[in-house]
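Engineer:
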Amino acid sequence: MKTSPAAPAAHLGRLLADVTEPLGRQLPPEYERALRTVPRHLFLPDRLWLRDGDGGYRPCDRSTNPDGWITAAYTDTPLVTRFTDGLPSSSASMPSMVLRTLLLAGIGDAAGGARPRRVLELGTGTGFNAALLCAVLGDDAVSTVELDPLLAAQGERNLEAAGFAPAVSCGDAAAGWPPGAPYERVVATFSVDRVPPAWVEQTTAGGRIVTPWTSAWCRYGTLALTVGRNGTAHGRFHAFASFMPMRRPCRDTAGPATAPAPQRKGATSLSPLSPWLVAGGDLDAEFHLGLAVPGASFAWDTSGEHAPTRLHIADDEGPSWAAVDYDGHSADRFTVTQAGPRLLWDEITAGYTHWETLGRPRIGQYRLSVNTAGDHTVQVETGRGRPGITILGEPSRPSP
Ligand SMILES: C[S@@+](CC[C@H](N)C(=O)[O-])C[C@H]1O[C@@H](n2cnc3c(N)ncnc32)[C@H](O)[C@@H]1O
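Sequential numbering from 697 applies to the sequence shown in our numbering.
Below, the structure written as C-alpha cells:
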C-alpha cells in the first residue's frame, strides 16, 4: 500500500465522532485506522449532490464552494455522485452504514471469528468501501464489481490514488464475479428484493452474504445470510440502511416500447384504514407490507387534483391500481378506487391486519431462507419457542 494524502484532521475527527453513535458501540480500533488511512475526499468527484430537504438534490461544487465540499466529504451522510435517467444511480455510501455492514458481515477482528481471506464487494461506485475493506483485510483479499464502466474506471483510479489495489471488474453483480470465487463474504452496496442465486453459489459454506433490502413498498433493512453446506442460505433482517436498488444492464429490445395500457375505470368503496398507517413512515409495517404484497408501490399525491390528499398504489408488473382519498375531514373513512385484476387496497388492508394480528413484529424478527432452486421463504418469529409464521413462500420467478 502506498502512502496516501491524509484527511484534514479537524474534519476527520468530526467524522470519527459521528459514526460512533449509529454503530451502537465504540468504534473498533481497526475501523478507526481504516477511516484514517482512507481519506474519503479522495474518492469524490468535484461535483456532489446533497439532499435539499425538499425531496430533491442540490449540487455542491468543489470549485465554487470548497469549504462546503470538504465538509460534506467528512459528514456521515451518503453523497450522490451520479444520476441516470434523472434518478440517483451511484453514491459514496454513508460511512456509518458502511461500517455497520462490515461488522455484520464479520469483517475484521472487531466482528470476532476468523479473518475472511476472500471478499467480494458488489457496486464499486467511488471505491471508498473497497478501500476500507483493503485497509482492514489487505488488497489481495478484496474483489469488487461495478455495472457502470465509467464508474468502474473512476473507482479504480480513486483506489489507486489512495494507495489501494483490489481487483476491480466491470460487470453485472447479479452474476457475482465467478473468476474470484469462492468468497467467504459477499457484501452488496445496493439493495435487492431477492438474493441472486450466483451469490449463494459463489460463497463458501459458513460464509456470509450481507445486502441492503428493498421491496416495491419499502426500501429499508439489511439482510445477513449464512450459507449452508447444501447450497442453501439462512439469516435475518436488521433494522438499518436504505440503499439505492440494484440496476440491470441496458438491454436492446426487439422493437419500440409498447404504449401503456389506457387507465381502466375503477370501482369505489369506503375503507376505515388510514393510508398513513400503511405508507406514513412506520418502517416495521411498511417492511411487512413489502413482503406480503409483492410488486405494490405507492406515491402520495397532494396536488389536490383528485382529493386534498391521495395515496396512489400501483402494481409494478401489471395494470392494477388503487387510490385512497382523504377528503380533508374524515379520519376514519376514506374513499377507495380500485381497478385491474389485483385489488391492491384489499391486499394492503389484509397485509396490515395480519401484521397487527402478529403483534406488530419489528424488522429484526423476520428471517429469510433461500433454497437451492433460489426460492425465498420469509418467516416472522412471533414468540419464544413458537414456530415462525410464513409471510412469503413462493416458487422461483422465471428469469427476465
Ligand atoms: C451506493 S453505490 C456504491 C457505493 C460504493 N460502494 C462506494 O463506496 O462508493 C451503488 C453502486 O452499485 C452499482 N450497481 C447497481 N447495480 C449494479 C449491478 N447490477 N452490478 C454492479 N453494480 C451495480 C451502482 O452503479 C453504484 O455505483
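Using N, Cα and C, we set each Cβ at its ideal position, and we do this for glycine too.
Grouping DSSP H, G and I as helix and E and B as strand, with all else coil, what is R1029?
Structural biologist: coil
Engineer: For M942, I'd like the list of residues in its chain whose CB is within less than 6 angstroms of its CB, leaving aside the five on either flank, ordered along the chain.
Structural biologist: F886, V888
Engineer: Specify the secondary structure class of S792 as computed by DSSP and reduced to three states.
Structural biologist: helix
Engineer: Just curious, the alpha helix (DSSP H) that F994 is in, first and last residue?
Structural biologist: Not the alpha helix (DSSP H): F994 falls in the beta strand (DSSP E), residues 992-997.
Engineer: Name the DSSP bridge partner or partners of D757?
Structural biologist: In DSSP, D757 forms a bridge with R743.
Engineer: Start and end of the alpha helix (DSSP H) containing H984?
Structural biologist: 979-988
Engineer: For H1008, tell me which candidate among L987, D980, A975 has the shortest Cα-Cα distance.
Structural biologist: A975
Engineer: For ligand 1, I want to know if P945 counts as a neighbour, meaning its beta carbon is within less than 8 angstroms of at least one of the ligand's heavy atoms.
Structural biologist: yes
Engineer: Which of the three DSSP states is assigned to T1005 in this structure?
Structural biologist: strand
Engineer: So for D1011, helix, strand or coil by DSSP?
Structural biologist: strand
Engineer: Can you give me the start and stop residues for the alpha helix (DSSP H) that C946 sits inside?
Structural biologist: Careful: C946 lies outside any alpha helix (DSSP H) and carries neither H nor E.
Engineer: With DSSP run on the structure shown, which of helix, strand or coil describes Q722?
Structural biologist: Correct three-state label for Q722: coil.
Engineer: Within the present structure, is the beta-carbon of A857 separated from the nearest heavy atom of ligand 1 by less than 8 angstroms?
Structural biologist: No.
Engineer: Sorted by chain position, which residues of the same chain lie with C-beta nearer than 6 angstroms to H1050's C-beta, five sequence neighbours on each side aside?
Structural biologist: Result list for H1050: empty, nothing under 6 angstroms.
Engineer: Can you give me the C-alpha to C-alpha distance between G1154 and W913, rounded to a whole angstrom?
Structural biologist: With the chain running from 697 to 1096 in the structure shown, residue 1154 is simply not present.
Engineer: Around the C-beta of W1041, are 16 or more other C-beta atoms found within 10 angstroms, so that it is buried, or is it exposed?
Structural biologist: buried
Engineer: What are the residues that DSSP puts in a beta bridge with W1017?
Structural biologist: A1010, A1035
Engineer: Beta carbon of E880, beta carbon of V815: below 9 angstroms?
Structural biologist: yes
Engineer: Can you name the residues that DSSP bridges to L1054?
Structural biologist: In DSSP, L1054 forms no bridge with anything.
Engineer: Pull up the CB-CB distance for V864 and N825, whole angstroms please, since I reckon it's below 8 angstroms.
Structural biologist: The Cβ separation is near 12 angstroms, so there is no contact.
Engineer: If I follow the unbroken beta strand (DSSP E) through G1079, where does it start and stop?
Structural biologist: Premise fails: G1079 is in no beta strand (DSSP E) and is neither H nor E.
Engineer: What I want to know is whether the C-beta of G782 ends up closer than 8 angstroms to one or more non-hydrogen atoms of ligand 1.
Structural biologist: Not so, every heavy atom of ligand 1 lies at least 8 angstroms from the Cβ.
Engineer: Given M697, which residues of its chain have a CB within under 6 angstroms of its CB, disregarding the five upstream and five downstream residues?
Structural biologist: With a pLDDT of 48 at M697, under the threshold of 50, the modelled position of that residue is not reliable, and no figure is offered here.
Engineer: Quick one: does the C-beta of S786 sit closer than 8 angstroms to a heavy atom of ligand 1?
Structural biologist: yes
Engineer: List the endpoints of the continuous alpha helix (DSSP H) containing F824.
Structural biologist: 824-833
Engineer: Is the Cβ-Cβ distance between E897 and G867 less than 9 angstroms?
Structural biologist: no
Engineer: Does the distance from the C-beta atom of R1038 to that of A992 stay below 9 angstroms?
Structural biologist: yes
Engineer: Checking the sheet assignment: what are the DSSP bridge partners for E817?
Structural biologist: T840, V883
Engineer: Less than 8 angstroms separating the Cβ of R778 from some heavy atom of ligand 1?
Structural biologist: yes
Engineer: Report the rounded CA-to-CA distance for S970 versus A788, giving the unit in angstroms.
Structural biologist: 37 angstroms
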